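Engineer: Numbers given in my numbering equal positions in the sequence shown, counted from 1, plus 739.
Glycine included, each C-beta is placed from N, C-alpha and C at the ideal position.
Here the structure is a predicted model, which is why all the values come from computation and not from measurement.
Here's a structure for you.
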Amino acid sequence: MNCLVGYLNAARSLGESGVATILDLRDSHVEFWDQNDNLAIHTNRGIDALDKYANFLRDRVAIETEYAGKLRRLVKNYQPKKKEEEDNEFTSMQAFRNLLKEVGDLAGQREVVSESLQLQIIAGVTLLSKTLREERKKCLSDGANLQQNLTTQLSSLDRAKRNYEKAYRDSEKAVDSYKRADMDLNLSRAEVERYKNVMTAKIQQSDDAKNEYANQLQKTNNLQQQHFSMLLPAVLNRLQELDEKRTRGFREFIVGAADVESSVAPIIARCMEGIVKAGESINEKEDTFKVIERYQSGFTPPRDIPFEDLSKCDPDSVQDSHYSNSTSNHLTIKGTMSANKLRKRVGIFNIFGSNKQRQIIEACITMKNSLTADGQKEDFSDLPPNQRRKKLQGKIAELTQSIAQETKARDGLMKMKIVYEANSSLGNPMTVEGQLNESEHKLEKLKVDLKKYQDFLEKACQVPAATSSPQASRNQLQNGHRTSRHSNGSADDHHDDGDDQPDDAGSLSSSASPESGLGTSHTSLPGSGQGSANENAIGEDTYYETEVETLNPLGTCRALYPFEASSEGSIPMSEGEELQVIEIDQGDGWTRVRRANNSNGWDEGFVPTSYIECTLYA
740 MNCLVGYLNA ARSLGESGVA TILDLRDSHV EFWDQNDNLA IHTNRGIDAL
790 DKYANFLRDR VAIETEYAGK LRRLVKNYQP KKKEEEDNEF TSMQAFRNLL
840 KEVGDLAGQR EVVSESLQLQ IIAGVTLLSK TLREERKKCL SDGANLQQNL
890 TTQLSSLDRA KRNYEKAYRD SEKAVDSYKR ADMDLNLSRA EVERYKNVMT
940 AKIQQSDDAK NEYANQLQKT NNLQQQHFSM LLPAVLNRLQ ELDEKRTRGF
990 REFIVGAADV ESSVAPIIAR CMEGIVKAGE SINEKEDTFK VIERYQSGFT
1040 PPRDIPFEDL SKCDPDSVQD SHYSNSTSNH LTIKGTMSAN KLRKRVGIFN
1090 IFGSNKQRQI IEACITMKNS LTADGQKEDF SDLPPNQRRK KLQGKIAELT
1140 QSIAQETKAR DGLMKMKIVY EANSSLGNPM TVEGQLNESE HKLEKLKVDL
1190 KKYQDFLEKA CQVPAATSSP QASRNQLQNG HRTSRHSNGS ADDHHDDGDD
1240 QPDDAGSLSS SASPESGLGT SHTSLPGSGQ GSANENAIGE DTYYETEVET
1290 LNPLGTCRAL YPFEASSEGS IPMSEGEELQ VIEIDQGDGW TRVRRANNSN
1340 GWDEGFVPTS YIECTLYA
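Set out below in structure tokens:
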């Protein structure tokens, strides 16, 4: 705002100083009779200054336009993506969206300034400059004509004066000749008379030239007096008015440009207030609460592991428990077996060997058909309890709103049908009948879906919240009992009598780790690494074998790309790193490698086959 005030003061001072200068010029027209050329230069410089201001405004308009365009591109580039819409509930993200909106409004105001300067100020400056140049050209042309007329008259006067001087000298010579002839007694009377006639003629010519000189002198004086007292001041007055018009226009355009800026200043101030308000609306406590609401699973932490008193257990259970613990203890941090415990990995093509497995696969296909479009189960039973209830409540609210909208549409159609039945001229009731039936069918389907999801919610609310998390509900063999969590979130205890049965199809868990034997498959079947200890030990699709054997390297490989281990059983590697190949790709896209480790000897795990270049030993 201070800049705009200074802008206006500069414009006013420009106008006052310019007017004062012109007033001084008006009182000194007589003194400027010989400064016509300097005044012409001054007016030309003034118009050039006006054109320079116009160029300044054009450059500023270009900057304003570019600035507004870049602001709009900035806002567009930082608009939340579709995948980020779920974060819009946080106050920080809402504030950021409001900030982008205000910045977009700022860009709009800069565009307003640019357009106003272009249409109002620059157009006016260009028109004024053109007009002033035309008027100046005409004034200078009139002044040149006046000066030309005066110069012509002075030339006539000078020529008349020279003629008079020549005639006067000739007349004096003729008089002298006549006097000498009259005194010469040797000359005849006729000759003396001839000299006299010549003298008389020369005197007459001198008198005529004198009269012409006097006449031209009078004309010259009259024209010169008129030129310097009337004609030239008139031209100077026009130049003065032209210069005043330029100076006054300069002031008005500067003030106008400042007014354009001032007109958007309140809106810009409101945008700043909106940005401040958006920043102040951020509530860290509310965002924290929403994070808790979003990610709270409802599971309780794992219970304490009970002490196993080997003296009170039968030998079979002790053996089974020892086998399970030994197998678990030999898992590396990444979840793979150490080299002296792992012999082979069953491929994906060996899981279809029994009727039991075929039944499980059919159950998987049925479960897949019941998934929603986004890959979740219809009843959201694959989600933690709290998240499941939230999803169901949101679905119920969505269906309730759809039912209300469809009910309004049906009521409107019924009213239209009643009106058509009362007055057939307005329309045929049968044309509404089809739409009404379709609306009734759609409404009935929505109500069925609502009842279904209400039942889902009722069942979800009946499930105890104190269930174990998926990480804690993996097969745990404690005191001869195995705990497995079903898909409904409940926990059942099964006595381990040496013949464990696999979980039902609903207890399938999602896994993407390489050691599952399914590569990138997201379904791990019971009996393929998730069953009981006895199944792992003696099952027909045994994954691990207990024979102690150190795996010899099959070759070497070099990492073509860096890889970050994001799943269990995989290990990271850097580009160009040399590794040992201890198990080739079984068709699932993963290769098992090993690297030397100074701390514990070796690091083993799986890496993507497409990320490495293998060189196998012959």
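Give every residue of the same chain whose Cβ lies closer than 6 Å to the Cβ of R977, excluding the five residues on either side of it in the sequence, and list them in chain order.
Structural biologist: Here the question's residue 977 lines up with position 238 in the sequence shown. Around R977: C878.
Engineer: Going by DSSP, name the residue or residues bridged to G1173.
Structural biologist: The count along the sequence shown starts at 1 and reaches residue 1173 at position 434. None; G1173 has no bridge partner.
Engineer: Between D1324 and the rest of its own chain, which residues show a CB-CB distance below 8 Å, the 5 nearest in sequence each way excluded?
Structural biologist: Residue numbering aside, residue 1324 sits at position 585 when the sequence shown is read from its first letter. Result list for D1324: T1330, T1348, in chain order.
Engineer: On the three-state DSSP scale, how would you describe I1044?
Structural biologist: Counting from one through the sequence shown, the residue named residue 1044 turns up at place 305. In the structure shown, I1044 sits in coil (DSSP, three-state: anything other than H, G, I, E or B).
Engineer: Would you say the region 838-856 touches the region 998-1016, given that touching needs at least three Cβ pairs under 8 Å?
Structural biologist: At 8 Å Cβ cutoff, the stretches touch.
Engineer: Which runs of the alpha helix (DSSP H) at least 4 residues long sit entirely within the region 860-938? Give them in chain order.
Structural biologist: Counting only runs of 4 or more, we get 862-922.
Engineer: Does the region 897-909 come into contact with the region 949-958, if we say contact requires no fewer than three beta-carbon pairs (one atom in each stretch) closer than 8 Å?
Structural biologist: Result yes; three or more Cβ-Cβ pairs closer than 8 Å.
Engineer: CA-CA distance, N1336 and A1357?
Structural biologist: Taking the first residue of the sequence shown as position 1, residue 1336 is located at position 597. Taking the first residue of the sequence shown as position 1, residue 1357 is located at position 618. Using only the alpha carbons, I get a separation of about 26 Å.
Engineer: Once DSSP output is grouped into helix, strand and coil, what is the label at G1308?
Structural biologist: By 1-based counting over the sequence shown, the position of residue 1308 is 569. Note: G1308 maps to coil in three-state DSSP.
Engineer: For R985, which option in Y792, N827, F1195 has the closest C-alpha, if you only look at C-alpha atoms?
Structural biologist: Sequence index remark: in the sequence shown, residue 985 carries index 246 (1-based). Out of Y792, N827, F1195, Y792 has the C-alpha closest to the C-alpha of R985.
Engineer: For L1355, which of helix, strand or coil comes out of DSSP?
Structural biologist: In the sequence shown, residue 1355 corresponds to position 616, counting from 1. Here L1355 sits in strand by DSSP.
Engineer: Please list the terminal residues of the continuous beta strand (DSSP E) segment that includes D1342.
Structural biologist: The count along the sequence shown starts at 1 and reaches residue 1342 at position 603. Where D1342 is concerned, the enclosing beta strand (DSSP E) stretches over 1340-1347.
Engineer: Relative to the C-alpha of Q702, which candidate in N960, L1049, A862, S1002 has its C-alpha closest?
Structural biologist: In this structure the chain extends from 740 to 1357, so residue 702 is not present and cannot be described.
Engineer: What are the partner residues of A1410, as DSSP defines its beta bridges?
Structural biologist: Examination of residue 1410 is not possible in this model, given that the chain is present from 740 through 1357 alone.
Engineer: Rounded to whole angstroms, what's the CA-CA distance from R919 to S895? Just pull it up for me.
Structural biologist: The residue labelled residue 919 in the question sits at position 180 within the sequence shown. The residue labelled residue 895 in the question sits at position 156 within the sequence shown. One C-alpha to the other measures close to 36 Å.
Engineer: Quick check on I1360: does DSSP put it in helix, strand or coil?
Structural biologist: Because the chain in this structure spans residues 740 to 1357, residue 1360 falls outside the shown range and cannot be described.
Engineer: Is the beta carbon of S916 closer than 8 Å to that of S945?
Structural biologist: Here residue 945 corresponds to residue number 206 of the sequence shown, with the count starting at 1. Here residue 916 corresponds to residue number 177 of the sequence shown, with the count starting at 1. No, the pair does not count as a contact, with Cβ atoms beyond the cut-off.
Engineer: For V800, which residues does DSSP report across the bridge?
Structural biologist: Looking up residue 800 in the sequence shown gives position 61. The partner list for V800 (beta bridge, DSSP) is empty, contrary to what the question assumes.
Engineer: Within 10 angstroms of its Cβ, does H966 collect 16 or more other Cβ (buried), or is it exposed?
Structural biologist: Here the question's residue 966 lines up with position 227 in the sequence shown. Looking at its Cβ environment, which holds 16 or more other Cβ atoms inside 10 Å, H966 is buried.
Engineer: Just checking, does the region 823-833 make contact with the region 778-794 on the three C-beta pairs under 8 Å criterion?
Structural biologist: Touching, no.
Engineer: What does a CB cutoff of less than 7 Å around Q818 pick up in its chain, not counting 5 residues either side in sequence?
Structural biologist: Residue 818 sits at position 79 when you count from the first residue of the sequence shown. Cβ neighbours of Q818 beyond the five flanking positions: L839.
Engineer: When the Cα of T804 is compared with those of D787, E1317, V852, N794, which residue comes out closest?
Structural biologist: Counting from one through the sequence shown, the residue named residue 804 turns up at place 65. Among D787, E1317, V852, N794, the Cα nearest to that of T804 belongs to V852.
Engineer: Nearest-angstrom Cα distance between S927 and A913?
Structural biologist: The residue labelled residue 927 in the question sits at position 188 within the sequence shown. The residue labelled residue 913 in the question sits at position 174 within the sequence shown. Taking the straight line from one Cα to the other gives about 18 Å.
Engineer: Whole angstroms is fine: what's the gap from Y1350's alpha carbon to E824's?
Structural biologist: Position 611 of the sequence shown, counted from the first residue, corresponds to residue 1350. Position 85 of the sequence shown, counted from the first residue, corresponds to residue 824. Rounded to the nearest angstrom, the two C-alpha atoms are 33 Å apart.
Engineer: Are E1343 and C1296 touching if we call contact CB-CB under 8 Å?
Structural biologist: To locate residue 1343, count along the sequence shown from 1; it is residue 604. To locate residue 1296, count along the sequence shown from 1; it is residue 557. No, the pair does not count as a contact, with Cβ atoms beyond the cut-off.
Engineer: Any idea if Q1132 is buried or exposed, counting beta-carbon neighbours within 10 angstroms, 16 or more meaning buried?
Structural biologist: Numbered from 1 along the sequence shown, position 393 holds the residue referred to as residue 1132. Flag for Q1132 reads exposed.
Engineer: Whose CA, out of Q1319, E1316, V1332, A1298, lies closest to the CA of S1309?
Structural biologist: Translated into the one-based positions of the sequence shown, residue 1309 becomes position 570. Checking every option, the nearest Cα to that of S1309 belongs to V1332.
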